[in-house]
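Residue numbering for the sequence shown follows the numbering used here, beginning at 1 and increasing consecutively.
All residues carry an ideal CB built from backbone N, CA and C; glycine is no exception.
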Amino acid sequence: MRVTSRRTLAGLVLACPLLLAAAAIDPELYLSNVKYLASPELKGRATGTPELEKAAAHIAAQFKSFGLKPVDGKNFELAFPADLDAKLGPNNSMHAVESGRKIELKEGRDFEPFTFSTTGKFSGGVVFAGYGITAKEHNYDDYAGLDVTGKLVVILRHEPQEDQGNSVFAGKKLTSHAEFTSKMVNAKMHGARGVIWVNDVAAHDGAADKLEKFGMGAGPRDGGVFFLQMSVAAAERWLALEGRDLKQIAAEIDRDLKPGSFPLSKVQVELSVDLARETKTVHNVAGYLPGKTGEYIIIGAHYDHLGFGDQHSLAPNQRGTIHPGADDNASGTSGVIELARWFSKQPQPRRGILFMAFTGEELGLLGSSWYANHPVLPLENAAAMINLDMIGRAREGKVFLSGVQTGSTFAQLLEGVKIPDGLKLDPSGRNSGSNMNDASDHASFNAKQVPVLFFFSGLHSDYHKPGDTADKIDAGNAAKLLEYVADFTDRLAEAPERPMYVKVARPPAPVSSGGGSRSGYGPDFGSIPDFNEPPKGVRFADVREGSPASKAGLKGGDIMIEFGGKEIGNLYDFTYTLREHNPGDLVLVKVLREGRTIEAKVLLTERR
1 MRVTSRRTLA
11 GLVLACPLLL
21 AAAAIDPELY
31 LSNVKYLASP
41 ELKGRATGTP
51 ELEKAAAHIA
61 AQFKSFGLKP
71 VDGKNFELAF
81 PADLDAKLGP
91 NNSMHAVESG
101 RKIELKEGRD
111 FEPFTFSTTG
121 KFSGGVVFAG
131 YGITAKEHNY
141 DDYAGLDVTG
151 KLVVILRHEP
161 QEDQGNSVFA
171 GKKLTSHAEF
181 TSKMVNAKMH
191 GARGVIWVND
201 VAAHDGAADK
211 LEKFGMGAGP
221 RDGGVFFLQM
231 SVAAAERWLA
241 LEGRDLKQIA
251 AEIDRDLKPG
261 SFPLSKVQVE
271 LSVDLARETK
281 TVHNVAGYLP
291 GKTGEYIIIG
301 AHYDHLGFGD
311 QHSLAPNQRG
321 TIHPGADDNA
331 SGTSGVIELA
341 RWFSKQPQPR
351 RGILFMAFTG
361 EELGLLGSSW
371 YANHPVLPLE
381 NAAAMINLDM
391 IGRAREGKVF
401 LSGVQTGSTF
411 AQLLEGVKIP
421 DGLKLDPSGR
431 NSGSNMNDAS
441 DHASFNAKQV
451 PVLFFFSGLH
461 SDYHKPGDTA
471 DKIDAGNAAK
481 LLEYVADFTD
491 RLAEAPERPM
501 YVKVARPPAP
511 VSSGGGSRSG
521 YGPDFGSIPD
531 FNEPPKGVRF
541 ADVREGSPAS
551 KAGLKGGDIM
561 IEFGGKEIGN
571 LYDFTYTLRE
581 HNPGDLVLVK
591 VLREGRTIEA
601 KVLLTERR
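In C-alpha cells, the structure reads:
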C-alpha cells in the first residue's frame, strides 16, 4: 500500500530531508490559512458577502497552486443560488385603533418584526393569550376556550413561574415551550394570523424593556404568520383599555396556572411587514486530484461563518462585532487545504480525491446539499465523504469521530491507522453509527447513501462568538489529526475493496454542531430532513431504515404537507407538531411524491 511508502519516507528523513519536508503535514502552513480566513479582512465570511468570495478565491488559488484540476473542467468555484437571511424593507408600519383613536407605533421603538415573520398586510382584531403556550403535560393551555382565528395574539415572553423554584415548567432554565418558534407554531396551529410578543417584565423586575435587534432568533425562512415584538408600554396601553394590568395578569397566572386570556375588544390593528428575502449566487470551491479509476473520495469542510453575528450568534450583545470563526470552520477548511497540498505531492492514487469547501452551512447545509443534489462527479462513484468541522481546539487532545458504521470497511481500515501521540480519538460512531445525521455537511452525503466520517474536536465557550479567534487554535494537534486523516484516506484510496454504504437502523439522537443535545424522550418518527426547505412542507432527505416512517412506506424525497390533521409548512411546524404527540399514537401523514399526494398511517414509537 502507498501508506507504507509514506512511512518509508518518514524513515528516510536523514537521507533525504527535502523529500520529507515536501510530504509532511505542516502546522505552520495550516495555521497561516486559519489566520487569513479568520482575519479582520474577511469580516467573518458570512454567506453572500464579498468577504466570503475573497475566501473562495483564496481557497481556489491554493487548489490551483497544488496542481489540482477543476472538477467541472472549467472553474474551481462552483456557483449555486442561496437564499439568504431576510432584511428589513422600507414599508414596515403598525397602527392601532384604540377606542376609535388611531395611533401610530414606530418601527424600532414600539415594534420590530422578526426575520422569520411572513410579509404582507393585516387589518383586524387582537387577542391577549397569556404566554402563548399549550403544554398538555402540565395541563396548561393559554388557548383553552379562546377563538384566535384570523387574529393577532399578544403574548408574554418566556414561561409562567419563571422565578419560582417549584415551577411545573423548569423555572429559569426554561423549556421548549419558551422558544419563539414554538410560540409561533402554536399560534399558527390555533388559527392565529400572527404573534405580537412582549417582555415579561413581572418576572424580570428592573430589566429594561428593550426591543430585540432585527436578526435575533433563528427560525424558518417564512413562518407563515406575522411574528414581531412590541414594547411593554404599548401593550399596557391596550390592556388598560380593558381595565387590566400586565403585571397583575402575569402574577395571577403564576399563582394558579390558570389562563389569563381574553379578546381585546377595544383594539384593532393595521400592520404592514416588509422583509426582503434575498437570493444570491454563491460558490462552493472544489479541486480534484484524479485517480487511476473513476472512483473517488470527498474531503470537505464548510468555509462560511456568521459575519458580524446574525440570529445564530451566541453573543447577542455583541452582534455587529466580527465573529471570526477560526475554529468554526477556518480550522476544517485549512485542514482540507493542507490535505490537498499533502496529497498533491504523492504518487497518483488508485481512487481520486475531491477536495471541497462548502458555503452556506451556517444557514442550513446549503452548499453541501446543493452539491449532493447536483453533483459534478457521479455520487455512485464516491467511496466516502470525510467531513472536518471544528478541528482546531481539541481539549486535552480529544477528537470525536462519527459515522464509522456507515462504511463496511471503515472499522477495519481504522484499526491499521496509528493514532498520533497526544491525540485521543473518541470513535462515538464505531459501534452505534451515531452522529452521522448531525447538522454538518456530511449529513448531505449520508442522505445520498455515501459512507461518511465526521471529525470534530467539540464545542467550547467561544462557539459562535467573537472570541473564536486564530490565536486559540492548537495547530500542533490539528496537524496530528490531519496526519491521521491522511493515513486513513491513503489506505482507503488504495484498498482493493471499496466500502459499501451501511444504513444504520436507529442511531441515538445526535449532538449537533449547532450546539445542544437533541436527545430526550418523546415520539420517534424517523425522517431525516433536507435542510434546503421547499416552498412549502418538509422534504425528507432520507428515512431511517426500521423507523416508523419507513415502516409506513415513506421515502427520501417525499415532502410532508400534513401531520395529524395539521398543515406543515416548514420544519419548525413539524417539530412542534410531533412533540405534541405520544409514542403509540397512529398519525395520518400526507406527503407529496412526484406530484401526487400520498397518505400514510404512521405508528409513532418511543425515542431512544
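- Endpoints, alpha helix (DSSP H) assigned at Ser-369: 366-373
- Within the same chain, show all residues whose beta-carbon is closer than 6 Å to that of Ala-79, passing over the 5 residues directly before and after it, in chain order. Thr-281 and His-283
- Is Asn-435 helix, strand or coil by DSSP? With a pLDDT of 45 at Asn-435, under the threshold of 50, the modelled position of that residue is not reliable, and the figure given next carries that caveat. Coil, per DSSP.
- Message: Within 8 Å, do at least three Cβ pairs link the segment 383-403 to the segment 482-501?
- Response: yes
- Proximity below 8 Å, CB of Tyr-572 to CB of Val-153: no
- Item | Strand pairing of Asn-387, partner residues [DSSP] | Gly-300 and Phe-454
- Message: Going by DSSP, what residue range makes up the alpha helix (DSSP H) through Gly-332?
- Response: 331-344
- Message: Which runs of the beta strand (DSSP E) at least 3 residues long sit entirely within the segment 207-273? Give them in chain order.
- Response: 226-230 and 262-273
- Count the other CB atoms, across all protein chains shown, that sit within 10 Å of the CB of Ala-208; report buried if there are 16 or more and exposed otherwise. exposed
- Are the beta-carbon atoms belonging to Ser-129 and Leu-146 less than 8 Å from one another? Before going further, note that residue 129 is Ala rather than Ser in the sequence given. Their beta carbons are under 8 Å apart, which means Ala-129 touches Leu-146 by this criterion.
- Span of the alpha helix (DSSP H) around Thr-616: A question about residue 616 goes unanswered here, because the residues of the chain that appear run from 1 up to 608.
- Message: Check this for me: beta carbons of Tyr-303 and Ala-357, under 8 Å apart or not?
- Response: yes
- Beta-carbon gap between Ile-559 and Glu-338 smaller than 8 Å: no
- Item | Start and end residues, alpha helix (DSSP H) containing Gly-476 | 475-494
- What's the gap between the Cα of Gly-429 and the Cα of Val-404? With a pLDDT of only 43 at Gly-429, under 50, the local geometry of the prediction cannot be trusted, and the value read off the model is given with reservation. One C-alpha to the other measures close to 5 Å.
- Task: Enumerate in chain order the residues of its own chain whose CB-to-CB distance from Ser-334 is below 6 Å, with the five nearest sequence positions on each side excluded.
- Result: Tyr-30, Asn-33 and Val-34
- Item | Selection from Ala-600, Lys-188 and Pro-160 that minimises the alpha carbon distance to Leu-588 | Ala-600
- Continuous beta strand (DSSP E) stretch holding Val-631: start and end: Only positions 1 to 608 of the chain appear in the structure, and residue 631 is not among them; the question remains open.
- Message: Can you look up Phe-180 in the DSSP assignment and give me helix, strand or coil?
- Response: helix
- Message: Report the CB separation of Val-127 from Val-148 in whole angstroms; it is logged as a contact under 8 Å.
- Response: 5 Å
- If you compare alpha carbons, which of Ser-368, Glu-77 and Leu-603 is closest to Phe-525? Leu-603
- Item | Test item: CB-CB of Leu-365 and Asp-310 under 8 Å | no
- With 16 other Cβ atoms within 10 Å as the buried cut-off, status of Pro-113: buried
- Message: Closest to Val-269 by C-alpha separation, out of Arg-544, Gly-215 and Lys-151, would be which residue?
- Response: Lys-151
- Message: On the CB-based measure, 16 or more other CB atoms within 10 Å of its CB, does Lys-448 come out buried or exposed?
- Response: buried
- Alpha carbon to alpha carbon, what distance is there between Leu-314 and Glu-179? 15 Å
- Check whether the segment 219-235 touches the segment 94-114, taking contact to mean three or more Cβ pairs, one atom from each stretch, closer than 8 Å. yes
- Closest by C-alpha distance to Leu-289, when choosing among Tyr-576, Ile-353, His-95 and Leu-592: Ile-353
- Message: Just verifying my parser: in three-state terms, what is the DSSP assignment at Arg-579?
- Response: helix
- Among Tyr-463, Gly-219, Ala-234 and Leu-246, which one has its Cα closest to the Cα of Asp-205? Leu-246
- Message: I need the DSSP call for Met-356, collapsed to helix, strand or coil.
- Response: strand
- Query: Apart from the five residues on each side of it in sequence, which residues of its chain come closer than 8 Å, Cβ to Cβ, to Gly-320?
  - Reply: Phe-308 and Gly-309
- Message: So for Val-71, helix, strand or coil by DSSP?
- Response: coil
- Based on the DSSP secondary-structure assignment, which residues constitute the bridge partners of Val-404? DSSP lists no partner for Val-404.
- Around the C-beta of His-374, are 16 or more other C-beta atoms found within 10 angstroms, so that it is buried, or is it exposed? exposed
- Item | Pro-81, DSSP secondary structure in three states | strand
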